[in-house]
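Beneath this line is the structure, given in C-alpha cells, with notes to follow.
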Ligand SMILES: Cc1cc2nc3c(=O)[nH]c(=O)nc-3n(C[C@H](O)[C@H](O)[C@H](O)COP(=O)(O)OP(=O)(O)OC[C@H]3O[C@@H](n4cnc5c(N)ncnc54)[C@H](O)[C@@H]3O)c2cc1C
Ligand code: SF4
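Chains as they are written, first to last, in this note's numbering: chain C, 32 to 164; chain L, 34 to 451.
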C-alpha cells in the first residue's frame with residue numbers, strides 16, 4: 032500500500048576518496064540523488080540505498096592446524112542488514128585442517144547464492160613447531 | 034659454534050615488503066637470497082588483517098590480507114629463496130654481516146647487500162601519556178586485531194577506541210561482530226584520520242558514535258579498566274576545563290600511530306628522517322650506506338600494501354645488482370601541508386614513484402614541487418587526507434638539469450569532520 036511513498040536518506044558516497052555527502056530521495060519507485068559529483072557515484076549511492084552489501088570477513092574454529100582460527104569471507108558482497116545474523120550463524124562452524132585458500136566452507140549462505148570461503152591455507156599441525164605469541 | 038654462511042642478499046622481515054624484495058632480488062639474478070622472519074610464518078601484518086581491501090592496485094581485485102600474503106607465500110615456496118621463520122635478526126653491521134638466532138642456534142650470514150623490511154610497531158599508552166590508574170584492559174588496537182583474528186580471544190565486553198585511523202575503525206567493526214560493544218571512537222583532531230569508506234562500513238554500519246576534537250584524559254579502575262575520561266579539546270589539542278565526562282567500558286584500545294621499527298638501522302649509524310621515521314632512502318630504497326636498503330613500513334608507514342609490494346620488488350632488484358648507485362641528484366623536502374615524503378633522495382630522474390603524505394585533510398587544492406623558483410610539478414587535488422598517500426610517478430616530474438633541493442607543498446581548504 033505504498034501509493035504516496037516518500038523518504039529521504041543521507042548517504043556518504045564511498046566509491047572514491049572524495050566521500051561526497053549525498054541525499055537520496057525515494058518518491059514512489061524512483062530514486063533521486065542530490066550531492067553526488069559524478070555519475071559513478073550516483074549509481075553507487077542508488078545501489079547503497081536500495082540494496083547495501085558488504086564483503087563480510089570473520090574467523091571460525093579450526094582443529095589440527097598450526098593456528099586456531101581460520102579466516103573466512105563471503106565470496107561476494109552480502110546484504111548489509113543481515114551481517115550480524117550471518118556472523119552469528121557461522122560462528123559455531125568448525126573445520127579440520129588441512130584447508131586450502133579458496134576452499135568453500137559453506138555454500139549458499141542464507142539462500143543468497145553466496146559462499147563462505149577460506150582465505151588462507153592451514154596445513155596439518157607440525158608437531159615440532161609450537162605456535163604462541 | 035655459530036653457523037656461518039655467505040649470501041648475495043639477506044632480507045630482514047618476512048612481511049609483504051620482505052617477501053617482494055626477496056623475490057625481486059632473485060629475479061634480478063641474486064643467487065643466494067635469505068629471507069629471515071622472527072614470527073612463525075611469513076606474511077607480517079597481513080596475517081591479522083582478515084578484512085577485504087588489499088590488492089586492488091596490484092591484482093585488480095579486492096583481497097583479504099591472508100589471501101594477498103598467500104599469493105606471495107606460494108611464489109616463495111616455488112622459488113629457491115632460503116626462507117627462515119622463527120628467526121630473529123639481532124645485529125647487522127656496515128659490512129653486510131647479519132647475526133640471527135633461531136632454535137637451531139646462532140647464524141652469521143655475510144651478505145653483499147642487506148634489505149631492511151622490519152615493518153613498524155604501534156605507539157603505546159606511555160607514548161601519549163594518559164594519566165590515571167594502571168589496570169589491565171588497555172591495549173593497542175593492532176594487538177587486539179591479532180588477539181581476535183589469530184588467537185580467537187576477546188579484549189573485554191565494552192570498548193572505547195582512541196584514534197580514528199584505519200586500524201581503529203577496522204578493529205571497531207571486528208569487535209562489534211564478535212559481540213563486544215564499542216561505546217565510542219574518540220579522535221583528537223577535528224577530522225577523520227582513516228578512510229571515509231572505513232568510517233561508513235565500520236562505524237555507521239554498526240551505529241558506533243564518533244567523537245571529533247575529543248581525547249581520553251584519564252583511566253579509572255584498580256584491577257580492570259572501569260571507565261575512561263573523555264574530554265573535549267581546543268584547537269591546539271588541549272583539554273578544555275569542565276568539558277569532560279566519564280564513559281564506562283572495560284577496555285581501552287589505542288590506535289594512535291605506528292612507528293617504523295628501526296633499531297637495527299639506527300645501530301648502523303644510518304640517519305633517520307624525522308618526518309617518515311625511517312632511514313633516508315632513494316627511489317630504489319638505498320640508504321646512506323650503498324649496499325644497505327630499506328623498503329615497506331620500515332621506511333615509512335604505507336596505507337596500501339600494493340604500493341609496498343611494488344616498491345619492495347624494485348628495492349630487491351637493486352640489492353641484487355653489483356654496481357654502485359649513481360650520485361644523489363635531488364633532495365626532497367617537506368614544505369607546507371606535507372607530513373612526509375618518501376623517498377627523500379632522487380638519484381635517477383624519472384624512476385619509480387614518489388609518495389607524499391598530506392599533514393591534514395584538504396580539498397580543492399594543489400600539490401607542487403619546486404626547485405628554487407622553478408615549479409617542476411603541479412597538480413590540482415580535489416581531496417587529500419593523511420590516511421592516503423599521494424602517489425606521483427617520477428617520470429611525470431620535469432626534473433631540471435640543475436641538481437639540489439626540491440620543496441614539496443600542498444595547499445587547499447581544510448576539511449572538517451568526515
Ligand atoms: C590494521 C591494518 C589495516 C590495514 N589495511 C590495509 C588495507 O585495507 N589495504 C592495504 O592495502 N593495506 C592495508 N594496511 C597496510 C599494509 O598492511 C602494510 O602497509 C604492510 O603490511 C606493510 O608491510 P611490511 O612488510 O613493511 O611490514 P609488516 O607487515 O609489519 O612486516 C614486517 C615483518 O618483519 C618482521 N621483523 C621485524 N623485525 C625483525 C627482526 N629483527 N628479525 C626478523 N624479522 C623481523 C616482523 O615480524 C614482520 O613479520 C593495513 C595495515 C594495518 C596495520
Ligand atoms: S559521487 Fe563521485 S566524486 Fe563523489 S565520492 Fe562518489 S564517486 Fe567520488
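For glycine and all other residues, C-beta sits at the position ideal for the given N, C-alpha and C.
- Residues of chain L whose Cβ lies closer than 7 Å to the Cβ of residue 50/C are, in chain order, 229 and 451.
- Taking C-alpha positions only, residue 335/L is separated from residue 61/C by approximately 42 Å.
- Between residue 146/L and residue 326/L, the C-beta spacing is below 8 Å.
- Taking 7 Å as the cut-off between beta carbons, the residues of the segment 63–87 of chain L near chain C are 73, 83, 84 and 85, in sequence order.
- Between residue 423/L and residue 417/L, the gap from beta carbon to beta carbon is short of 8 Å.
- Taken through DSSP and simplified to helix, strand or coil, residue 99/L comes out as helix.
- Within the segment 309–383 of chain L, the beta strand (DSSP E) runs of at least 3 residues that lie entirely inside it are, in chain order, 325–327, 363–367 and 371–375.
- With a cutoff of 7 Å, residue 394/L does not count as near ligand 2, since its C-beta is closer than that to no heavy atom of the ligand.
- Taking a cut-off of 8 Å for Cβ pairs, the segment 302–317 of chain L and the segment 197–214 of chain L do not touch, as fewer than three such pairs fall below it.
- With a beta-carbon spacing of about 6 Å, residue 288/L and residue 194/L fall inside the 8 Å limit used to define contacts.
- Contact between residue 308/L and residue 373/L holds, with the beta-carbon distance rounding to 4 Å and staying under 8 Å.
- Within the same chain, 65, 67, 142 and 144 come within 6 Å of residue 40/L by CB-CB distance, once the 5 residues on both sides are set aside.
- For residue 341/L, no CB of chain C lies under 8 Å from its own CB, so it is not counted at the interface with that chain.
- Within chain L, no C-beta atom comes less than 9 Å from the C-beta of residue 53/C; the nearest is roughly 12 Å away.
- For the segment 102–119 of chain L, the beta-carbon criterion of a distance under 7 Å to any beta-carbon of chain C is satisfied by 103.
- For residue 188/L, the closest C-alpha among the options 83/L, 283/L, 344/L and 451/L is that of 283/L.
- Residue 155/L is positioned such that its CB atom lies closer than 8 Å to that of residue 291/L.
- Cβ contact annotation for residue 217/L (same chain, cutoff 8 Å, sequence separation greater than five): 193, 194, 241, 242, 243, 244, 263 and 280, in chain order.
- One finds 86 in chain C with Cβ atoms closer than 9 Å to the Cβ of residue 95/L, taken in chain order.
- Secondary structure within the segment 57–103 of chain C: the beta strand (DSSP E) runs of 3 or more consecutive residues, fully enclosed, are 61–65 and 88–94 (chain order).
- When DSSP states are grouped into helix, strand and coil, residue 298/L belongs to the helix group.
- Secondary structure in the segment 37–104 of chain L: the alpha helix (DSSP H) runs of 4 residues or longer, each lying completely within the stretch, are 49–60 and 89–92 in chain order.
- DSSP places residue 146/C in no beta strand (DSSP E); its state is neither H nor E.
- Per DSSP, residue 150/L is not a residue of any beta strand (DSSP E), being assigned neither H nor E.
- Around the beta carbon of residue 141/C, a 10 Å sphere encloses fewer than 16 other beta carbons of the protein chains shown; the residue is thus reported as exposed.
- Under the DSSP assignment, residue 210/L falls in the alpha helix (DSSP H) whose first and last residues are 199–210.
- At a cut-off of 8 Å between beta carbons, residue 118/C contacts chain L.
- In terms of CA proximity to residue 102/L, 47/L leads the group 47/L, 227/L, 445/L and 448/L.
- Here residue 138/L carries a strand assignment [DSSP, helix/strand/coil].
- No heavy atom of ligand 2 is found nearer than 7 Å to the CB of residue 149/C.
- Closest in C-alpha terms to residue 404/L, from the list 412/L, 393/L, 413/L and 435/L, comes 435/L.
- The shortest CA-to-CA distance from residue 175/L to any of 286/L, 391/L, 383/L and 92/L is the one to 286/L.
- For the beta strand (DSSP E) assignment, the uninterrupted runs of no fewer than 3 residues enclosed by the segment 204–292 of chain L are, from N- to C-terminal side, 214–219, 247–253, 260–266, 272–281 and 284–287.
- In this structure the segment 85–92 of chain L does not lie against the segment 131–142 of chain L, because fewer than three pairs of beta carbons, one per stretch, are closer than 8 Å.
- 8 Å or more divides the Cβ of residue 353/L from the Cβ of residue 110/L.
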